[in-house]
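In this text, residue positions in the sequence shown follow the working numbering: the first is 438, and each later residue adds one. Structure first, commentary second.
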Amino acid sequence: MFARSLVPSQDIEQRPEDEGLRALTSSDDAEQIPKKSRRHWYMIGAVAVGVGAAAALVRSAHVTPKKDTMGNAEMVTTLAEAACSGVGANCASTKCCKAGGANGFQCYAKNEFWAECKETCEPGVHPGEKEGTYDAGGKFTPAKWSCDELGIRGPPDPCSAPGEDCRQKKCCSAAAGGSGMTCFEKDTTWASCAADCTPGDWSCRALGNRTPYAAGCGWAGKSCADTHLCCNVGFSCVVKDATWTACTQTKKKSTWITQNVPIPAGWDGTIVGGGRDEYKIGPAAAGAKVMGTSLYCFMAFLPDSYEVGLHDVAKENKASIFACDEYDVFHSWKSAKAGWDTGEATLSNTDVFINVWDNMLNTGKFMKADWTVKVDADAVLIPDRLKAHIAGLRPPMGMPIYLKNNDMDPGMGNNGFLGAIEVFSKQAVQIYRDNKEGCHQSLGINAGEDGYFKG
C-alpha cells in the first residue's frame, strides 16, 4: 500500500497533474475477458507512473488545521511543540530539533516567523535566500538571518550518514538518507552505508542491522502526534485531548460515493493532518538519475487447476515471468468469493497474496532488480515491452512508485490498479516490507488484493 503518495482532499493543496503520464491502456494491448469473469485483465500497454504506499512512501501534502475548533487552540500548540522538528522544517514553534548531525542540530531563527534546524548559523544573508523586500526602484534586498538560538541543541545522530565511515556507530541514519541501508565493511579501515554490497574489493561484512524505511504516518487508531499524517485513505489526524492525537476515519469511500464520518464525540476535534493517497509523478529532470528497467517477476498459481497448464506453457516458451531478469514461482490456495458494491463478485484473496508476498520477500531477489512484477497465470506479460514503457517514462531514481495498469472507470478499475499485473519499484517494495504489519493490522484480510495495496 505504500507505492503511492498523497492526493489531497478538499482541504489540502491540490498538486498539478504531470502532462504525458496518463493511464493509457490501448484496446490493442487489452485482452478482454468476459464481464462475468472474476477480474478484468489488461496487458500492460502504455502505463502511467503513480507514487506510494507505499506508500512513499511517499510524499505528503500540507493541510490547513482548523483553528480553535472547540476554543482550545492553546492545547493544540502544546501538542505541536511536543514533537521536535526535522531538518528543513520550521522549528519556530517547536524550538527543538530531532537527533541528527555529528554534533546535533540547533533551532536557529531567521525571523519571528521562521527558524530551521542547523548545525551552525552565521547571522546575515544566507546563500540562495529568496525571501526579502523590493524598494521603490525594484531592487531586491534578501532577508537576513538573526541566528538566535531557540531552545537547546538536539542530540547528535546515533547513526552514520551515507558516505561516512560507519565502523564505530554500525548503523545508518534514516534522517540522513540511510533508509534501507546497512553498514557494510570494506576492510579494517573503512565501512560505509549502502543498500547492498558485492564482495570483491569489499569484504561486505554487515556491521549491525539494516535501517528500515519508516512509514512516516500513523495507522488507523494509532498516534499521529509526531507526523500529523495518517497512513490510511479517508483518515485524518485529529486531536482528542492534551494527551492523545490519533488517526480516525473522517471519510468512508465506496466505489461510487464518499461519505463524511463524524469525529468521535468528546474529542477536541482539531484536524492537524490528513491521510495518504496518490498522485502522478513526472519524469526525471534533465541530467537527473533515472531508474533502470531490470525486472524481478513472480507468479503464484493454484495446483490442480487450469493455471498449471498456463504456467507450463509460459515456462516452455520462456514467456511471461520466465522472460524477466529474475523470477520465482509460488503455490497459492483456493480463495473465497465476496460481493462488492460494484454488483460483481471477485476473489477475497487477501490472506493468500499476503502469504505469497511474504514468501517472495524472503527470497530477497527483488533487491537485484529495479522493478518487482507480480503476474497472474492467466494474465499476459511481455517483459521487453514493459521495459520499453518504463524507459520512456523516465521515472526518477529512488522513488516508491507503482505503474497503473488499466484505464477503466476509476470505481471499477480501482483507480488504475487491478491485481492481474502489479508493477512496483524496488523502493516501494522495501517500504511495504518494512511496514507490512501495519497494513495487515489496520486493513485486515477482507479488502481483496487490489484494495489492500491501495490502502
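We put the CB at the ideal spot given by N, CA and C, even for glycine.
Asked: Proximity below 7 Å, CB of isoleucine 708 to CB of valine 675; Found: yes
Asked: CB of methionine 618 within 7 Å of CB of cysteine 608, strictly; Found: no
Asked: Limits of the unbroken beta strand (DSSP E) element including histidine 768; Found: 763-768
Asked: Integer-rounded CB distance, given that alanine 580 should sit under 8 Å from glycine 569; Found: 5 Å
Asked: Nearest to valine 812 (by Cα), restricted to the options His826, Val793, Ala828 and Asn799; Found: Val793
Asked: Cβ-based neighbour list, tryptophan 627, same chain, cut-off 8 Å, excluding 5 preceding and 5 following; Found: Asp602 and Arg604
Asked: Secondary structure, alpha helix (DSSP H): runs of 4+ residues fully inside the region 838-863; Found: none
Asked: Contact belief for lysine 547 with serine 597 at Cβ below 8 Å, rounded distance in angstroms; Found: Not a contact, Cβ separation roughly 29 Å.
Asked: Valine 670 and glycine 710 closer than 7 Å at C-beta; Found: no
Asked: Nearest candidate by alpha-carbon position, reference glutamate 556, set Glu586, Ser731, Ile694 and Gly574; Found: Glu586
Asked: Under the three-state DSSP convention, the category lysine 752 falls into; Found: helix
Asked: First and last residue of the uninterrupted beta strand (DSSP E) at lysine 688; Found: 688-690
Asked: Spatial distance of alanine 702 from cysteine 684 (CA atoms); Found: 15 Å
Asked: Collapsed DSSP secondary structure at serine 660 in the structure displayed; Found: strand
Asked: 7 Å Cβ cutoff met for proline 595 and glycine 541; Found: no
Asked: Own chain partners of aspartate 663 with C-beta closer than 6 Å, once the 5 adjacent residues on each side are dropped; Found: Ala520
Asked: The beta strand (DSSP E) enclosing lysine 824, as first and last residue numbers; Found: Element bounds for lysine 824: not the beta strand (DSSP E) but the alpha helix (DSSP H), 820-830.
Asked: Cysteine 876 and proline 820 closer than 7 Å at C-beta; Found: no
Asked: Contact the region 751-765 vs the region 731-740: 3+ CB pairs below 8 Å; Found: yes
Asked: Extent of the continuous beta strand (DSSP E) to which glutamate 559 belongs; Found: Glutamate 559 -> no beta strand (DSSP E), and no H or E assigned at all.
Asked: Touching by the beta-carbon criterion (3+ pairs, under 8 Å), the region 719-727 and the region 817-833; Found: yes
Asked: Sheet register partners of arginine 642 (DSSP bridge); Found: Glu622
Asked: Local conformation of phenylalanine 890 per DSSP, three classes; Found: helix
Asked: Cβ-Cβ distance between aspartate 633 and methionine 797 below 7 Å; Found: no
Asked: Spatial neighbours of alanine 631 in its chain, beta-carbon cut-off 8 Å, leaving aside the 5 residues before and after; Found: Pro599, Met618, Thr619 and Phe621
Asked: Strand pairing of valine 810, partner residues [DSSP]; Found: Cys734 and Val860
Asked: Pick from Tyr889, Arg870 and Asp871 that is closest to serine 879, judged by C-alpha positions; Found: Tyr889
Asked: C-beta contact flag for tryptophan 704 and lysine 726 at 7 Å; Found: no
Asked: Opposing strand residues paired with cysteine 674 [DSSP bridges]; Found: Cys684 and Gly710
Asked: Neighbour-count burial assignment, glutamine 894, 16 or more Cβ in a 10 Å radius; Found: Any property of residue 894 remains undetermined from this structure, which presents the chain solely from 438 to 892.
Asked: Strand pairing of asparagine 697, partner residues [DSSP]; Found: Lys688
Asked: Helix, strand or coil at tyrosine 716 according to DSSP, with G and I counted as helix; Found: coil
Asked: Buried or exposed by the 16-neighbour rule on C-beta atoms within 10 Å, applied to threonine 625; Found: exposed
Asked: Beta-carbon proximity check, phenylalanine 767 vs glutamate 886, cutoff 7 Å; Found: no
Asked: Valine 698 versus lysine 689: straight-line alpha-carbon distance, rounded; Found: 7 Å
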